[in-house]
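Here the structure is laid out as structure tokens; the discussion comes afterwards.
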Amino acid sequence: MGTSVPARDTSGTGEAGSNGRPAAPTGNDGAAEAGRNGPPAETDGAGRSGRRGAPVPPRPGHSPALSTGVPRAAARIGAFAVCQAAVIAGFGLLITGPAREFWPMTAEDTAVEALEDARTATLDTASTIASALGDTATVVGLTLLACLALVLVPRLPRWREAVFLAVGVSLQSMIFVLITASVDRTRPDVERMDDSPPTSSYTSGHTGAATALYAGLAVVVLSRVRAPWRKPLAALLLLLPLLVGLARLYRGMHHPTDVAGGLANGALSLFVVGRAVLPGHSWVGRPPADAMGIAVAAAEERPAPARKQVTVIVNPTVTDEATQEQLRLVLAQHGYRDTPFVATTAEDTGGGQTAEALRAGTELIVVCGGDGTVRAVADALAGTGVPLVLVPSGTGNLLARHLHLPLRPAEALAAGLTGEPRALDLGRIEGDGFPAVHFTAMAGAGLDATMLEETSDRAKSVLGWPAYVLAGAKGLRTPRMRLTVRLDGGPELRRTARMVLLANIGTVQAGAAPVPAAKPDDGLLDLAVFDPRGAGGWLRAAGVLLRAKRRGAGGPDTSRRDTGGGRTSTLSRSAPGDGGPVEFHTFRRAELAFARPQSREIDGDPVGPGLRLTAEVRPGALTVMLPARER
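Here the sequence shown is numbered in our numbering, starting from 4 and rising by one per residue.
So this is what it looks like as structure tokens:
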């Protein structure tokens with residue numbers, strides 16, 4: 004394999020058009036291509052061009068094979084729901100109209116009367132319990148609890164299954180209201196054991212709601228649980244709607260066909276919603292049958308650069324199978340077929356897999372994961388010159404955010420494969436209790452490390468980066484630290500602080516910039532010492548950060564001075580040691596010693612408490628593929 008970088012797709016998308024052919028390039032290159040191969044390209048109002056009938060997707064990573072399909076799925080749910088309501092309501096009008104004089108409708112009253120004659124105290128109690136399983140309050144409460152459990156309990160939240168349950172139960176309810184408004188059927192002429200609601204007897208709302216909920220849970224259990232008891236549990240769940248329906252008959256609330264209509268309504272609602280959202284059967288994000296053919300055709304029609312041998316390092320806890328399938332399609336669109344996907348593990352978060360790929364001759368690494376996965380892969384790539392494509396899939400994604408990369412995995416991969424190599428700095432850090440490693444974004448001690456230690460994986464997966472804010476509030480109660488700082492062999496600086504940050508980049512989530520001047524390609528690292536006192540101190544610190552971010556390191560709120568030995572320090576307006584809320588320095592090597600053990604973190608991963616941190620910059624040690632506009 005050659006070592007040249009894949010040529011940047013002139014279309015900016017690398018996508019196939021809707022007719023299965025590659026989209027035409029844009030700009031002058033697009034006009035030349037159109038002149039050589041067919042009719043002239045058309046340009047829309049946004050400046051995108053393409054052949055007639057094959058509009059170019061607006062962003063990298065978008066194509067017919069990669070469409071989310073949400074609008075299409077919603078439209079299909081709506082269309083099927085209308086048909087479902089019409090069919091069930093039509094059956095109701097039939098049994099209350101032309102067919103009411105025919106068997107088995109003529110036998111329904113007899114069946115309900117027989118159940119009335121068979122009533123006993125024990126059966127009355129059992130039917131009360133069974134009927135309660137289909138009550139509105141019970142169904143709503145259990146649906147909410149089940150959805151919360153699907154989101155909070157698994158390591159990777161089951162959003163699709165939660166949506167499946169919630170929408171399935173809701174759709175059944177809406178169709179039930181439409182049907183009861185269309186079919187006016189009186190309840191059986193027997194002694195009814197419950198208050199008669201003002202709705203029609205057709206269909207049974209209790210039975211329909213129970214079917215949507217308990218049968219939906221059975222589907223989730225069968226598809227997601229691997230324990231040997233999953234089939235008995237699913238069978239029990241499927242039995243519950245039948246028991247609810249039988250209880251409604253026993254209690255004199257419905258005719259048999261009312262219960263049958265409720266069962267049909269609940270089951271059809273689950274079927275329609277399941278087809279829309281469940282993995283493996285989904286209209287949402289489901290690529291067309293010829294998606295790989297479209298991708299391969301796009302690669303074959305594009306000018307063919309020398310292809311690199313690629314390996315994808317993927318963190319499976321934050322990257323589901325549907326996302327991985329999209330990434331395979333993007334790779335195929337750019338000429339990379341049968342690319343190996345190597346999963347990280349709890350024991351090896353990416354470094355070992357990357358080292359093995361390098362030994363096998365890989366010339367381009369794609370990392371798909373969060374900050375911890377990126378750090379582990381970058382640590383193994385440091386100094387090798389092998390380029391890296393960032394595909395953010397975690398909670399923070401600090402380096403990708405700082406570099407203004409797309410945060411959608413398919414778009415990020417397309418942007419990287421059509422990008423150009425750029426050398427970025429890495430920080431090399433070591434301390435007591437852990438070996439020397441590299442970091443790409445930030446390391447630190449104090450409040451930020453405590454915040455990361457207090458944030459659970461579950462909170463991060465559910466809330467995203469706001470989970471850190473909630474944990475940070477707890478860390479404000481920890482006492483400030485005492486430390487000494489030596490920068491580039493200079494004199495020791497004695498400080499107190501709430502936290503210290505060693506930064507290769509300046510920005511974090513939500514646009515915040517705790518170290519505004521830090522850049523990943525300036526050959527330096529930045530140190531920020533935060534020592535605010537009380538609410539006023541935090542406000543002053545926020546003001547310093549906002550002014551520094553707005554005006555830059557050379558603005559009136561910061562000053563730069565040469566301290567000798569080639570070291571440059573950047574200080575806030577508050578002079579060192581005067582009680583200012585935040586203080587900035589730049590350095591090539593920093594040695595930090597704490598008076599007592601402090602919590603520490605590297606790129607968002609806690610590394611345990613310790614007394615020491617030593618960090619130094621490695622200029623240009625990591626090569627990252629970035630879109631040309633980022634140069």
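By construction, the Cβ of each residue, glycine as well, lies at the ideal position given by its N, Cα and C atoms. For clarity, every value in this text was computed on a predicted model and none was experimentally measured.
Residue i burial status per 10 Å Cβ neighbour count (16 or more: buried)
i    : result
G208 : buried
L151 : exposed
D606 : buried
E495 : exposed
L148 : exposed
I98  : buried
L616 : buried
L332 : buried
S593 : Here the sequence assigns Ala to residue 593, which means Ser is not the residue at that position. Answer is buried; the Cβ neighbour count reaches 16.
D451 : buried
A184 : exposed
S130 : buried
E586 : buried
A213 : buried
G447 : buried
F105 : exposed
V156 : exposed
R411 : buried
L367 : buried
G95  : buried
Cβ-based neighbour list, residue i, same chain, cut-off 8 Å, excluding 5 preceding and 5 following
i    : result
Q87  : I178, N268, L271, S272, V275
A218 : L240, L241, P244, G269, A270, L273
L126 : Y253
I80  : V170, L174, V275, V276, A279
Whether residue i touches residue j by CB criterion (7 Å)
i    : j    : result
L225 : A238 : no
L245 : L220 : no
L136 : L242 : no
A624 : L429 : yes
A358 : A383 : yes
V115 : V180 : no
T443 : V377 : yes
A102 : V186 : no
L216 : V262 : no
D525 : F590 : no
A360 : H441 : no
Q312 : G355 : no
D435 : G613 : yes
T206 : I182 : yes
G375 : T352 : yes
S204 : R188 : yes
P584 : G540 : yes
I432 : A596 : no
Own chain residues within Cβ distance below 7 Å of residue i, not counting five before or after
i    : result
A506 : M445, V518, A521, L528, D529, A531
T346 : Looking at the sequence shown, residue 346 is not Thr but Ala. Within the same chain, A346 has close Cβ partners V317, P319.
R501 : G449, L450, R483, F533, D534, P535
E119 : V193, E194, G255
L393 : V370, V377, L402, A403, L408, A415, G419, V627
S199 : R190
T141 : A135
V620 : D428, G430, G526, L527, L528, R591
L145 : L216
T387 : L361
G248 : S207, T210, V262, G265, L266
Neighbourhood of residue i by C-beta, 6 Å cutoff - its chain only, sequence neighbours within 5 removed
i    : result
V627 : L391, R425, L427
V610 : F437, R603
R497 : T487
A250 : S130, A133, S134
L211 : First, the residue type needs correcting, since residue 211 is Gly and not Leu in the sequence shown. Same-chain partners within the cutoff: Q175, F179, G265, N268, G269.
T322 : C371, S396
R485 : T499, A598
E164 : L153, V223
R543 : P584
D608 : G375
Distance cut-off 6 Å: residue i Cβ against heavy atoms of the ligand ATP
i    : result
A250 : For the ligand ATP, the structure offers nothing, since it holds no ligand at all.
CB-CB length for residue i against residue j, believed under 8 Å
i    : j    : result
L252 : P259 : 6 Å
V389 : V315 : Incorrect: roughly 14 Å between the Cβ atoms, too far for contact.
P523 : H405 : 7 Å
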